[in-house]
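Q: Would you mind keeping the following structure in view while I ask a few things?
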Amino acid sequence: MNQRDLDKAALRGEPSYVWRAGQQRRLEMIHKFAEHRINGTILENGCGVGMYVEKLTDLGARVIGLEYDMDRAVEAHIRSKEIFNAAGEFIPLPSGTFDLILSHEVIEHVQDDRVAIREMIRVLKVGGRAVIFCPNRGYPFETHGIYWNGKYYFGNKLFVNYFPRFLRNKLAPHVRVYSRADLQKLFDGLSVKFIERTVIFGAYDNIIARFGVLGKFLRAILQFLETTPLKILGLSHFWVVEKS
Numbered sequence: 050m051n052q053r054d055l056d057k058a059a060l061r062g063e064p065s066y067v068w069r070a071g072q073q074r075r076l077e078m079i080h081k082f083a084e085h086r087i088n089g090t091i092l093e094n095g096c097g098v099g100m101y102v103e104k105l106t107d108l109g110a111r112v113i114g115l116e117y118d119m120d121r122a123v124e125a126h127i128r129s130k131e132i133f134n135a136a137g138e139f140i141p142l143p144s145g146t147f148d149l150i151l152s153h154e155v156i157e158h159v160q161d162d163r164v165a166i167r168e169m170i171r172v173l174k175v176g177g178r179a180v181i182f183c184p185n186r187g188y189p190f191e192t193h194g195i196y197w198n199g200k201y202y203f204g205n206k207l208f209v210n211y212f213p214r215f216l217r218n219k220l221a222p223h224v225r226v227y228s229r230a231d232l233q234k235l236f237d238g239l240s241v242k243f244i245e246r247t248v249i250f251g252a253y254d255n256i257i258a259r260f261g262v263l264g265k266f267l268r269a270i271l272q273f274l275e276t277t278p279l280k281i282l283g284l285s286h287f288w289v290v291e292k293s
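Here the sequence shown stands for residues 50 to 293, where the numbers follow the numbering used here.
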């Protein structure tokens, strides 16, 4: 990865480039909680290179993708003609447009996450739902790398998210991480009801590719923990909110 790609990964994360078990599992979760809205008009707010846009379109929806990074928006446009290059804090579309919004590991990267959440609720129809995945502070690894002595180090860094917040944010100023209370505050004062609020582990496709059956066993154990109080150690928050 060259320096330009490292800088982009630090600021905006890495989108899904290959469709694997992890992405498929999350798509099925989206589908489950979308219910009838899956056949409506959907916004993917922060669509990367358009992988979820493509898969949701295949399910019968009209899907609009919004992507801040121009290079990724251009690549997403290959998969769909309805791609906007814009910031999540300023969605260039009318209020009450969408039946469903997907925000997949995006709000941690925007300049103002509170404004981004408000914008998503604004452009939802009444009864529409927003499906949000974002990093859990309880996960033992900071997955977005850290800065140390002015240099960025890509990859998973153990226990960074457990440091006092001022120190954690000094090491990872480029990305937010959320406790349940942090995420709850983003919705204060908004007219929504909560359909689902939980924490999930990953699919660990890279580990499975390397270690085979042993990796699958690890994934099965970790995903079982989602049914226990130990889900607080999971990778991502998974929230579904409905505009009321």
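We put the CB at the ideal spot given by N, CA and C, even for glycine.
Could you give the C-beta distance for E154 and C183, rounded to a whole number, given that I count them as a contact under 8 angstroms?
A: Contact flag correct, Cβ pair sits at about 6 angstroms.
Q: Specify the secondary structure class of T90 as computed by DSSP and reduced to three states.
A: In the structure shown, T90 sits in a strand (DSSP, three-state: E or B).
Q: Does DSSP put I166 in a helix, a strand or coil?
A: Three-state result, I166: helix.
Q: For my contact list, L149 and R178 are in at a C-beta cut-off of 8 angstroms; report their separation, rounded to the angstrom.
A: About 6 angstroms separates the two Cβ atoms, so the contact holds.
Q: Mind checking whether I256 and G264 have CB atoms under 8 angstroms apart?
A: Contact flag set, yes.
Q: For H286, report the span of its beta strand (DSSP E) as first-last.
A: Segment S285 to K292, the beta strand (DSSP E) holding H286.
Q: With Y227 and N185 assumed to form a contact (beta carbons below 8 angstroms), what rounded beta-carbon distance in angstroms separates them?
A: Y227 to N185, Cβ: 7 angstroms. Contact.
Q: Name, in chain order, the residues that DSSP records as bridge partners for V241.
A: In DSSP, V241 forms a bridge with K292.
Q: Do N94 and A110 count as a contact pair if the criterion is CB distance below 8 angstroms?
A: Going by C-beta atoms, A110 is not nearer than 8 angstroms to N94.
Q: Please tell me whether I140 and L115 are closer than 8 angstroms, where the distance is taken between their beta carbons.
A: Yes.
Q: Give the straight-line distance between the Cα atoms of Q272 and Q73, rounded to the nearest whole angstrom.
A: Rounded to whole angstroms, Q272 to Q73 spans 15 angstroms at the Cα level.
Q: Are the beta-carbon atoms belonging to V112 and E124 less than 8 angstroms from one another?
A: No, the pair does not count as a contact, with Cβ atoms beyond the cut-off.
Q: Assuming L108 and H85 form a contact by the criterion Cβ under 8 angstroms, report the distance between their Cβ atoms to the nearest whole angstrom.
A: Not quite, the Cβ-Cβ distance comes to about 12 angstroms (not below 8 angstroms), so this is no contact.
Q: Rounded to whole angstroms, what's the CA-CA distance from S65 to S293? Just pull it up for me.
A: About 32 angstroms.
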